[in-house]
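Before any comments, here is the structure.
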Amino acid sequence: MSVYKHVYRAYTGKVTPDYARVLVLTRYAFAEAWASKISIVLFVAGLIPLLVTLFGIYLANNPMARMLIGGKGPDVLSIDAAFFLHALIAQSWVALILTSWIAPRLITFDLADNALPILLSHPISRFGYVFGKYIAMFGILSVITWIPMLLLFAYQGYSAAERWTGGHLQIAVGLFVGSLIWIAFLSIVGLAFSAWVKWRVVASGIIFAVVLVPAGIGAIVTGVLGTKWGFLLNIPFMMATLWQRLLGVPGDVVPGVYLSTLTIFFMLTLISAGCIAMLNARIRAREVVRG
Amino acid sequence: MSIVELDGLEVRLADRTVLDGLSGTLRGKAIGLLGPNGAGKSTLINTLLGFHRASKGSARVFGLDSYNDRGQIRGRVGYMPENDSFIGNMSGVHFVRYMAELAGLPAGEALERAHEALFYVGLGEVRYRKINSYSLGMKQLIKLAQALAHGPRLLILDEPTNGLDPLARQRMIQLIKEIRKEGSVQLLISSHLLRDIDETCDEVLILKKGRIAALCNIEEERRSNRSFVELETVGATEQFAASIRGLGCDCASFPDGRMKLVVPDAVETRDLYMIAFEQAVQIRRMHQRRDSLEDIFLRAMDGERVPKTEVEGLAHVGL
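Here the protein sequences come in this chain order: F and G. So in my numbering, spot 111 of the first sequence is number 111, and the numbers just go up one at a time. For any residue, its number in my numbering is found by taking its place in the second sequence, counting from 1, and adding 1000.
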């Protein structure tokens, strides 16, 4: 099978190991994600809150800079768990926006032209297929969440005049674990809803709606029934509560409303399980028509 | 060595038995899978690829269980599905390279093979165009290219000539013949077009309602079947028919002087003319034909399974 001879030639070279096939999917998914200029624009825009945070850390640790902007004392901007919580919340919204744009790109192109029968006829399982895409989504979101957040933490440790890092390790752990939970959750939700909608724009809207609409419904439930359990549908609230506890910030996100960490984990696990079931039903080489 | 072994294979989908107790061994260089719509051809292919699990019995490809060893099997198989199946926003070469890498080729090798495969199937000039912009024939060819790129041992083609114009069909058939001739790849071709199977395959498995209706070697069948002759005569009598039978032919007479004969190889056309001349019978029209795949198929569709040994006996159905 030569370009010039136009004859078929059997392949006798080496073959990559099985696990590498998943990474092939990941690599092509990365390429697909960044092929869009909008992805680049969103990513760059997503760095703005980080730059603001970086500037805040610089200001807080540089007396000259504080003096120049008219700062009165060292406590004008306190770099503590609450400061990093605000930064984490800002980045979590950026992650949601990126997910709603990128996740549909990873799946809908395969579904639109019915590529699954060909993709899955190769030595890759359905789990491998989803996992490959998942790694890509998780990796992209990592670049915008826990990696820069930990770098900011390191910068604060470096800039602080006193020994700061050792006494605030819980913040680093909270940033890392809190980000991982959020992007793991977002990735699975993004892929699951993308798998069920062929039109990318609609899929993007649905991913947003999945996070925001139940929160609205939960607020109605809470208002009408006078119960706190409506907050179980409020994903932003549950995540903020979780992050607050992980970072060690005192107080409640909504005064008087308390959800246990176990309850929050249960809800997130339940939603994720639903998403896995959606993927299991949709990612198939063949549809079995009933009846 | 056998490519596919079926042992009482039963596949149920959505509480419906789609494949019902298939047993047999496929050894041909190019195996045709024939049957009317809904006979179970695509289900059999999907089962061989490990997409469906056997509810009873087993299917083995290269001696490997089609479900439990599906990863290994898929690494050795190239699959061209029946319907459109591609990633439309990718260029041809990008798509074929992607599929080759998924099959296990390193990135560099995959790119090289993708170019070669695209030139081989005749898409070399359009390999940088997005697949969405391809014609139907080109889309069929890109599916073939991706199935070939990783150098499979078995190439499964599901309705490869679907929707092709005569020229594109001829090109596809020619490609399949070339691949078969090269010898390193065995072919399993599913089609409902007898002519495609007739031109490309040496063995045929005919399915009917999820069961095997016939499994035979096409070449052997052709060799074993005698030629048929249809005559239109004027003045033919019972004596003429008796004289022809005397040559060893099977003969059936119809009104208006029409006759149908099964002629042994030893009897030549000249012998028929001689008898006609001697008995003053005019032969106005003579049509000769050998037993075709169509005959084998029609017989299979008429009755139940047709084992090799019975095929000869059933030749009389043609009369």
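Glycine is no exception: its CB is placed at the ideal position from the N, C-alpha and C atoms.
Candidates the options: closest to residue i by CA position
i: G/R1171; options: G/S1190, G/L1144, G/Q1186 and G/H1150; result: G/L1144
i: F/L23; options: F/P49, F/N234 and F/G128; result: F/G128
i: G/F1254; options: G/A1276, G/Y1273 and G/E1230; result: G/E1230
i: F/V7; options: G/L1193, G/S1066, G/Q1174 and G/G1057; result: G/Q1174
i: G/L1247; options: G/I1275, G/T1233 and G/S1227; result: G/I1275
i: G/L1287; options: G/E1232, G/T1043, G/A1107 and G/N1046; result: One point to set straight first is that residue 1287 of chain G is His, not Leu, in the sequence displayed. Comparing Cα-Cα distances from G/H1287 to each of G/E1232, G/T1043, G/A1107 and G/N1046, the minimum goes to G/E1232.
i: G/G1235; options: G/T1161, G/E1116, G/R1258 and G/R1153; result: G/R1258
i: F/V130; options: F/S100, F/T227, F/R9 and F/L25; result: F/L25
i: G/L1026; options: G/Q1146, G/A1110 and G/I1218; result: G/I1218
i: F/V197; options: F/D113, F/A81 and F/H168; result: F/D113
i: G/S1184; options: G/K1029, G/S1091 and G/R1012; result: G/K1029
i: F/G46; options: F/L111, F/Y28, F/A82 and F/W101; result: F/W101
i: G/G1040; options: G/K1130, G/T1269 and G/L1207; result: G/L1207
i: F/Y258; options: F/W229, F/I271, F/L246 and F/A273; result: F/W229
i: F/F153; options: F/R286, F/I57, F/T261 and F/S39; result: F/I57
Per-residue DSSP class, three states only, for residue i
i: G/E1304; result: Because the pLDDT of G/E1304 is 47, which lies under 50, any placement of that residue in the model is unreliable, and the question is left without a value.
i: G/F1228; result: strand
i: F/I124; result: coil
i: G/R1258; result: strand
i: G/R1403; result: This structure cannot speak to residue 1403 of chain G, because chain G is shown only from 1001 to 1319.
i: G/E1010; result: strand
i: G/H1052; result: coil
i: F/V7; result: coil
i: G/D1198; result: helix
i: G/V1317; result: Caution is warranted here: a pLDDT of 30 is assigned to G/V1317, below 50, making its placement in the model unreliable, and the coordinate value is therefore given only provisionally. G/V1317: helix per DSSP, three-state reduction.
i: G/I1189; result: strand
i: G/T1017; result: strand
i: F/I135; result: helix
i: G/Y1098; result: helix
i: F/H86; result: helix
i: F/T227; result: coil
i: G/S1091; result: strand
i: F/G291; result: Confidence in F/G291 is poor, its pLDDT being 42 and thus under 50, which makes the residue's placement unreliable; the coordinate value appears in the next sentence. Coil, per DSSP.
i: F/S92; result: helix
i: G/E1310; result: With a pLDDT of only 36 at G/E1310, under 50, the local geometry of the prediction cannot be trusted, and the value read off the model is given with reservation. G/E1310 falls in the helix class under three-state DSSP.
i: G/E1203; result: strand
8 Å Cβ cutoff met for residue i and residue j
i: F/I308; j: F/L242; result: No information on residue 308 of chain F is available, as it lies outside the stretch 1 to 291 that chain F covers here.
i: G/V1281; j: G/F1228; result: no
i: F/S179; j: F/L88; result: yes
i: F/L268; j: F/F185; result: yes
i: F/L98; j: F/I144; result: yes
i: G/L1141; j: G/G1122; result: yes
i: G/A1117; j: G/L1148; result: yes
i: F/D18; j: F/P123; result: yes
i: F/G13; j: G/E1182; result: no
i: F/M137; j: F/L175; result: no
i: G/G1210; j: G/T1017; result: yes
i: G/N1132; j: G/G1088; result: yes
i: F/R66; j: F/I283; result: no
i: F/I118; j: G/Q1146; result: yes
i: G/M1090; j: G/K1130; result: yes
i: G/I1244; j: G/L1215; result: no
8 Å CB neighbourhood of residue i in its chain, flanking five on each side removed
i: F/N61; result: I79, Q156, S159, A160 and A161
i: F/A115; result: F109
i: G/S1042; result: E1082, D1158 and S1190
Cut-off 7 Å between Cβ atoms - residues of its own chain near residue i, not counting five sequence neighbours on either side
i: F/S36; result: R105
i: G/I1197; result: G1032, L1034, I1189, S1191, V1204 and L1293
i: F/Q244; result: L85 and V253
i: G/Y1067; result: G1050, R1053 and A1054
i: F/S142; result: I183
i: F/A95; result: L141, I144, T145, W182, I183 and L186
6 Å Cβ shell around residue i - same chain, five flanking residues per side excluded
i: G/H1150; result: A1100, A1103 and L1105
i: G/G1057; result: D1007, G1008, L1009 and E1010
i: G/L1319; result: Because G/L1319 sits at a pLDDT of 32, beneath the cut-off of 50, its placement in the model cannot be relied upon, and the point is left open.
i: G/Q1279; result: F1240
i: F/L50; result: P148
i: F/T221; result: According to the sequence provided, residue 221 of chain F is Val. The question's Thr does not apply to it. Around F/V221: G230.
Any non-hydrogen atom of the ligand GDP within 7 Å of residue i CB
i: G/C1201; result: The ligand GDP is absent from the structure shown, which contains no ligand whatsoever.
(request) Return the residues of the stretch 95-123 of chain F that lie within a Cβ-Cβ distance of less than 8 Å from chain G, sorted by chain order. (result) F109, D110, A112, D113, N114, A115, L116, P117, I118, L119, L120, S121, H122 and P123
(request) Note down, in chain order, all residues in the stretch 1079-1097 of chain G with a beta-carbon under 7 Å from any beta-carbon belonging to chain F. (result) Y1079, P1081, N1083, D1084, S1085, F1086, I1087, G1088 and N1089
(request) Anything in the stretch 1044-1060 of chain G with a Cβ closer than 7 Å to a Cβ of chain F? List those residues in chain order, please. (result) Among the residues of the stretch 1044-1060 of chain G, those with a Cβ less than 7 Å away from any Cβ of chain F are N1046, L1049 and F1051, in the order of the chain.
(message) For the stretch 1097-1127 of chain G, list every residue whose C-beta sits within 8 Å of some C-beta in chain F, in sequence order.
(response) Y1098, M1099, E1101, L1102, A1103, G1104, L1105, P1106, E1109, R1113, H1115, E1116, A1117, F1119, Y1120 and G1124
(request) Quick one: which residues of the stretch 192-207 of chain F get their C-beta closer than 7 Å to a C-beta of chain G? List them in chain order. (result) none
(request) Report the residues of the stretch 1143-1156 of chain G with a CB closer than 9 Å to any CB of chain F, ordered along the chain. (result) K1143, Q1146, A1147, L1148, A1149, H1150, G1151, P1152, R1153 and I1156
(request) For the stretch 1173-1199 of chain G, enumerate the residues whose C-beta is nearer than 8 Å to any C-beta of chain F, in chain order. (result) Interface annotation for the stretch 1173-1199 of chain G against chain F: E1178, I1179, E1182, S1184 and V1185, criterion Cβ-Cβ distance under 8 Å.
(request) Check distances from the C-beta atoms of the stretch 1064-1076 of chain G to those of chain F and list, in chain order, the residues that come in under 7 Å. (result) From the stretch 1064-1076 of chain G, only G1071, R1074 and G1075 have a Cβ closer than 7 Å to chain F.
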